[in-house]
Amino acid sequence: MSAKSEGLDPFMRAAIEQARKSREENGIPIGSVLELGGVIIGRGHNRRVQNGDPTAHAEIECLRDAGRIGSYKNTTLYSTLMPCQLCTGAILLFGIKRVVAGENETFHGASEYLASQGVEVINLDLQECKQMMQEFITSNNQLWNEDIGRGVPQ
């Protein structure tokens, strides 16, 4: 754990650790955890590169890890980056009512849409999350553009 993340709640710290794990695997450094009743029930990190799977976003991997839990309405999804439209669809489909993001500066995501659908959206605006993404984007711009749906120039 870095000194920067020591003051954070354990759920965002765990999401940051997942992002670091993806970075160590040469993947996109985004991490996510799903919390229920003060316990982490799912963890995931972006594995698009590692698995060659365009749907292997951190939030989706986290939901896969949590598995079938019956109802997601009392869960909170933590993510180091504001969820994209794909992950927003999963959040809405499963009825997750609270999303806590590490930042939305490097990628705005679908925060307004989530809020318009009754989801509580909290942006922690964490420098640690921004820095991790900015470093990745600077050194992997083409991969980042692919990840956010801008594609690779033909």
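The opening residue of the sequence shown carries number 1023 in the numbering used here; numbering runs sequentially from there.
Even glycine gets a Cβ: it sits at the ideal position worked out from N, Cα and C.
Residues bridged to residue i [DSSP beta-bridge criterion]
i, result
"L1058", "V1061, T1097"
"E1053", "Position check: residue 1053 holds Gly in this sequence, whereas Glu was assumed. DSSP lists H1067 as partners of G1053."
For residue j and residue i, the rounded distance between their alpha carbons
i, j, result
"N1126", "R1086", "24 Å"
"S1161", "H1067", "19 Å"
"G1182", "I1091", "Past the edges of the chain, shown from 1023 to 1176, lies residue 1182, and the structure says nothing about it."
"Q1139", "H1079", "21 Å"
"K1119", "M1034", "17 Å"
"G1089", "Q1164", "32 Å"
"V1121", "T1077", "19 Å"
"C1151", "P1051", "9 Å"
"G1059", "P1032", "13 Å"
Simplified DSSP assignment, three categories, for residue i
i, result
"N1167", "helix"
"A1123", "strand"
"N1068", "coil"
"G1111", "helix"
"E1047", "coil"
"N1145", "strand"
"A1132", "coil"
"M1104", "coil"
Option in the options with minimal Cα separation from residue i
i, options, result
"E1047", "G1074, P1032, I1091, F1116", "G1074"
"G1124", "D1169, E1168, V1143, V1061", "V1143"
"R1045", "G1059, T1097, Q1072", "Q1072"
"V1056", "Y1135, G1131, D1169, Q1040", "In the sequence under discussion, the amino acid at residue 1056 is Leu, which differs from the Val named in the question. Considering only alpha carbons, the answer is Q1040."
"Y1135", "Q1149, Q1156, A1112, L1148", "A1112"
"C1084", "A1037, A1132, G1171", "A1037"
The ligand ATP heavy atom lying under 7 Å from the CB of residue i
i, result
"D1087", "For the structure depicted, the ligand ATP is absent and the ligand set is empty, with no information on it obtainable."
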